[in-house]
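**Q**
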Ligand code: SAH
Ligand code: MG
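Numbering (this note's numbering), first residue to last: 391 to 598.
Shown next as structure tokens:
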């Protein structure tokens with residue numbers, strides 16, 4: 391990883407989200423390296439924090455980032471759960487709505503021409519998807535069903551030589567839920583991937 395400070399198109403601390411700056415930097419650098427292969431896709435946009443890091447790399451490499459989310463939040467974002475943010479609640483819908491926040495982030499970052507917002511459910515979209523990807527970031531639902539569904543659904547779309555990034559990989563269960571860690575282990579055990587980087591709870595794997 392380079393030591394030069396990363397210049398982002400907005401103050402990233404003003405964007406709500408769950409990404410450590412060191413993880414964001416690693417995502418940016420990995421996305422930039424993979425960009426010549428093909429476009430990037432992320433599962434789990436939320437308010438756009440990771441989209442700013444990956445999207446900045448895609449902008450510079452003149453490729454696209456598809457940013458997928460149903461924008462209704464994961465389990466842990468719902469009312470009464472640990473990561474609920476009342477500011478993201480849409481009272482008319484009676485549901486969370488992070489889409490306006492993502493749009494605002496992308497406009498402020500000048501990334502509307504680079505980050506393509508895809509509103510929908512990950513697994514259903516994966517079945518209809520056709521574009522080969524150079525970079526794939528899995529940061530969606532954390533149930534085993536969601537995490538495994540994202541992995542199984544999207545891996546076929548990742549090119550050989552492309553990079554798979556997985557967030558919230560916690561080897562110690564005391565630090566967080568297990569499904570992303572189990573998916574990470576499954577990827578390594580499959581012989582389809584080799585690990586190329588690890589920063590905090592982020593893991594970077596290359597598709598062989
Ligand atoms: N990458 C973001 C954080 C994502 S949080 C950041 O950097 O801040 C996880 C997101 O995954 C939530 O916004 C939730 O709505 C979304 N999500 C959960 N399950 C999903 C599914 N099945 N399909 C699409 N999006 C999903
Ligand atoms: Mg995460």
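Note that CB positions come from ideal geometry on N, CA and C, so glycine has one too.
Go ahead and pull the three-state DSSP assignment for residue 457.
**A** strand
**Q** Does the separation of the CB atoms of residue 438 and residue 495 fall below 7 Å?
**A** yes
**Q** Does the region 422 to 435 come close enough to the region 508 to 528 that 3 or more CB-CB pairs lie under 8 Å?
**A** yes
**Q** Compute the Euclidean distance between the alpha carbons of residue 511 and residue 545, then round it to the nearest angstrom.
**A** 16 Å
**Q** Write down the C-beta distance between residue 529 and residue 470 rounded to the nearest angstrom, noting that I regard them as a contact closer than 8 Å.
**A** Incorrect: roughly 22 Å between the Cβ atoms, too far for contact.
**Q** Please tell me whether residue 417 and residue 443 are closer than 7 Å, where the distance is taken between their beta carbons.
**A** yes
**Q** Using the three-state DSSP reduction, which class does residue 428 fall into: helix, strand or coil?
**A** coil
**Q** Mind checking residue 606: buried by the 16 CB within 10 Å criterion, or exposed?
**A** With the chain covering only 391 through 598, there is no way to say anything about residue 606.
**Q** What I want to know is whether the C-beta of residue 574 ends up closer than 6 Å to one or more non-hydrogen atoms of the ligand SAH.
**A** No; taking the cut-off as 6 Å, the Cβ of residue 574 has no heavy atom of the ligand SAH nearer than that.
**Q** Is residue 486 closer than 7 Å to residue 463 when the C-beta atoms are compared?
**A** In this structure, residue 486 lies closer than 7 Å to residue 463 by Cβ.
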